[in-house]
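See below for the structure under consideration.
See the structure below:
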């Protein structure tokens, strides 16, 4: 499988995937079987209407590199999961978020993540993979335009609560580097 090749060739201890559209079916079973002794796979699906699959997030923890998952938290089905990992003497927390396109749903997801994490006293994530489906600053959109203010503010609140920063934007404050063009 391509996922296994990617993780092995890049020596990734933790791999986060979004928009997986997987359910507890054949492909996920095959993925787990392929990794059976080499990785731990944590998955959350969002079942759509009539059993269709929508969204979906996965975190793969590479045991071959000494990473060991200690706890799994499903924050929002198919949208947000967290895995606590031990590596050497460090405790790491990986989170994967796949935010909805709808601005209202997007805003609500970021608020729910904050609420759930605080209510359950979950650790602050120090590894995050995400598709926010919005940008914080106009420079990151081509053509430049603002995204929904309430959704953007909810994302900024999420970042503030967990003291998170956009490392790429901090290092490249005026550079344009698009990963997806419409």
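In our numbering, the protein residues as written are 1 to 182. C-beta: ideal position from N, C-alpha, C; glycine also.
Pull up the CB-CB distance for residue i and residue j, whole angstroms please, since I reckon it's below 8 Å.
i	j	result
residue 125	residue 158	The Cβ separation is near 10 Å, so there is no contact.
residue 103	residue 55	About 16 Å; that fails the 8 Å criterion.
residue 78	residue 45	5 Å
residue 127	residue 92	6 Å
residue 58	residue 42	7 Å
residue 129	residue 96	5 Å
Who does residue i pair with in a DSSP beta bridge?
i	result
residue 68	86
residue 57	18 and 44
residue 62	39
Can you have a look at residue i and say buried or exposed, based on whether 16 or more other CB atoms are within 10 angstroms of its CB?
i	result
residue 110	buried
residue 171	exposed
residue 145	exposed
residue 10	exposed
residue 13	buried
residue 50	Here the model assigns residue 50 a pLDDT of 47, short of 50, so the residue's position is not dependable, and the following value carries that caveat. Classification for residue 50: exposed.
residue 20	buried
residue 160	exposed
residue 166	exposed
residue 137	exposed
residue 6	exposed
residue 195	There is no way to answer for residue 195, as the model of the chain reaches only from 1 to 182.
Is the closest heavy atom of the ligand ADP to the C-beta of residue i under 8 Å?
i	result
residue 91	Absence of the ligand ADP from the depicted structure is noted, as is the absence of any ligand whatsoever, leaving it without description.
Checklist line | 3 or more residues per run - each beta strand (DSSP E) lying fully within the stretch 65–153 | finding: Counting only runs of 3 or more, we get 67–76, 80–87, 90–98 and 127–131.
Check: Are there three or more Cβ pairs, one per stretch, closer than 8 Å when the stretch 106–125 is compared with the stretch 80–97?
Finding: yes
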